[in-house]
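Below is one structure; the comments refer to it alone.
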Amino acid sequence: MSIAHVLLGLLAEGPKHGYELKKGHDERLPGNRPLAYGQVYATLQRLERDGLAEVAETQREGGPERTVYAITVAGRTELSRWLEEIEPPVPYIASPLFARVAVAGERADGLLARQRAAHLARMRELTAEKGAGAPAQVLAADFALQHLDADLRWIETALARLKGDDHA
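Position in the sequence shown (from 1) plus 217 gives the number in the working numbering.
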């Protein structure tokens, strides 16, 4: 995921300062790691340097001075290009779970059983969170639930193969 493109998307809604951008990122992408303020400001500097964002104004409302940024025409063009781009399927397996199972080999059944229990517990948590969540939170929960479901199917297949069932 490109933080720069997410920030451009937020700026496309209207000018914002760094705190608003961080808050918008964290609300729209609740399943992601919260964005650090330093990363927001470093990304804004690069966007400004590249002509994709510009300083719209500087505000001072009783606190520290805040710089408000706006998206430029070039920034809108870049955002449109990014939004139209197809995300290629991941070509490599980069899962810590897969790595553990690959290393454990035939001894992985205990690990897989514990992992199944952890996945099921997380799925219950996510399902409960969906009830009162904002649309972005519900979408993030759906995304995570479907990935956990795929992991569970793989865990079942792996357990069957480790027991010698080649038809799994």
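C-beta: ideal position from N, C-alpha, C; glycine also.
Reference Ala291; option with closest CA among Leu228, Gly241 and Asp368: Measuring from the Cα of Ala291, the nearest candidate turns out to be Leu228.
Coarse secondary structure for Arg277, derived from DSSP in three states: Arg277: coil per DSSP, three-state reduction.
Please go through the same chain and pick out, in chain order, the residues whose beta-carbon is closer than 6 Å to the beta-carbon of Ile220, but skip the five residues on each side of it. Excluding positions up to five away in sequence, the list reads Thr260.
For Lys233, list the residues DSSP reports as bridge partners. Its beta-bridge partners are Tyr286.
Nearest candidate by alpha-carbon position, reference Ile372, set Ala357, Gly248, Ala345 and Ala325: For Ile372, the closest alpha carbon among the candidates Ala357, Gly248, Ala345 and Ala325 is that of Ala325.
Just to confirm, is the Cβ distance from Leu238 to Leu269 under 8 Å? By the CB criterion at 8 Å, Leu238 and Leu269 fall outside the cutoff.
Should His242 be labelled buried (16 or more other beta-carbon atoms within 10 Å of its own) or exposed? Here His242 is buried: its Cβ has 16 or more other Cβ atoms, across all protein chains shown, within 10 Å.
Please report the distance separating the alpha-carbon of Val285 from that of Ala358. Roughly 32 Å between the two C-alpha positions.
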